[in-house]
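So the structure is just underneath, and the comments pick up after that.
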Amino acid sequence: SATEVRINQLRRTMSINEKPFHIVGMGVGSWKSPPDWYFRDLAAHGINTVFYTRPSDKNGDYDFHDVEGFVSGAARHGLKAIIGIPLAGAKAANWRQRLAGFSKLVSRFKNSSTVIGWFPVDEPAAHTWRDDELMEIHDAIKRLDPYRLIFINWAYDGVPTMIGQEPRGTLHSTDVYSSDYYPFTGQGHNLEGFTSTTIRALSTARIRKRLSHSWIQLYGSMDAWREPTGDELNYMAYLNLIYGG
4 SATEVRINQL RRTMSINEKP FHIVGMGVGS WKSPPDWYFR DLAAHGINTV FYTRPSDKNG
64 DYDFHDVEGF VSGAARHGLK AIIGIPLAGA KAANWRQRLA GFSKLVSRFK NSSTVIGWFP
124 VDEPAAHTWR DDELMEIHDA IKRLDPYRLI FINWAYDGVP TMIGQEPRGT LHSTDVYSSD
184 YYPFTGQGHN LEGFTSTTIR ALSTARIRKR LSHSWIQLYG SMDAWREPTG DELNYMAYLN
244 LIYGG
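If you want the working numbering, it's the 1-based position in the sequence shown plus 3.
Structure follows, in structure tokens:
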């Protein structure tokens, strides 16, 4: 492949074509592909990676034209892209069909120099998935494209309560231990909960020699009761950095 993403598991660092790369990413593609000024603004603020997170249709298929527009927009401003998300939450009855649809997308874009990873599962509900099923998803995508990251994200309730315990699917199902706990959504969410969840996930990733991070909440409205302050954003960012995220 003209693009090769590799992980040094000893140092837990990432490189693209042998040049070090540290993801500073943002999920931006959930509802529509952003306009050109949005990509330009992200790049100007130091973001280097954007996540396309729009789900597939009910059959698991993607609009290649829409994804192409997103990837092209990112490329114009020197941004890298990670593409998802066909599966989220509780296991769908047709999850293998959805995986097949996503596999078509992987085949279509696996030669893009902009795409550095695939995001096949978001917040897998632990009581509905088996470890071997999430590992099957990882292996199927790696067979198609062994040169890029595979990225699964676990919700706050998917991060085990003890450091060292792996999430459902184990860390063999992903190249990055990604977790999310948005401190200003839902009853009882707060920065203490963010801290506990983040430390457990990032510490476990260090033990298991995986790249890791915890999503930083930027937004208000929707399911969030307010936006974080600047101090709270700084806290979430530094907590990631201190624990190797």
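Backbone N, C-alpha and C fix where the C-beta goes; we use that ideal spot for every residue, glycine too.
Buried versus exposed, by CB contacts within 10 Å (16 or more), L90: buried
Q) Can you find at least 3 beta carbon pairs, one from the region 127-147 and one from the region 166-182, that sit closer than 8 Å? A) yes
- Task: Using three-state DSSP, classify S224 as helix, strand or coil.
- Result: strand
Exercise for the section: Look up V31 in the DSSP assignment and say whether it is helix, strand or coil. Expected result: coil
Checklist line | Three-state class that DSSP yields for H68 in the structure shown | finding: helix
According to the Cβ coordinates, are I119 and I19 closer than 9 Å? yes
K107: which of N51, S59, F154, P38 sits nearest, CA to CA?
S59
message: Can you list, in chain order, the residues of its chain with a C-beta nearer than 6 Å to that of N237? Leave out the 5 residues immediately preceding and following it.
response: none
- Task: With a threshold of 16 other CB atoms inside 10 Å of the CB of R35, please say whether the residue is buried or exposed.
- Result: Here residue 35 is Lys; the residue named in the question, Arg, does not match the sequence. By the neighbour-count rule (16 or more Cβ atoms within 10 Å), K35 is not buried but exposed.
Buried or exposed, going by whether 16 or more other CB atoms sit within 10 Å of the CB of Q12?
exposed
Check T164 in the structure and name its three-state DSSP category. coil
At least three beta-carbon pairs within less than 8 Å, the region 180-191 to the region 216-228: yes
Q.
Quick check: what's the CA-CA separation for V31 versus S215?
A. 20 Å
Query raised in the report: Could you check where the beta strand (DSSP E) with R9 kicks off and where it finishes?
Result: 8-11
Helix, strand or coil for T201? Go by DSSP, reduced to three states. helix
Ignore the nearest five residues each way along the sequence and tell me which others in A78's own chain have a CB closer than 7 Å to its CB. T117
Alpha carbons only, please: which of A158, I86, D125, P127 is nearest the one belonging to R151? I86
* **Where the alpha helix (DSSP H) through G104 begins and ends** => 98-112
(message) Suppose you measure from the CA of S110 to the CA of T6; what does that come to, to the nearest Å?
(response) 14 Å
Practice task
With DSSP as the reference, label I153 as helix, strand or coil.
Solution key: strand
- On the three-pair Cβ rule with 8 Å, is the region 47-55 touching the region 204-219? no
How would you label K83, buried or exposed, when you count the other beta carbons within 10 angstroms and need 16 or more for buried?
buried
Using only CA atoms, which one of R133, D64, P127, D234 lies nearest to A103? D64
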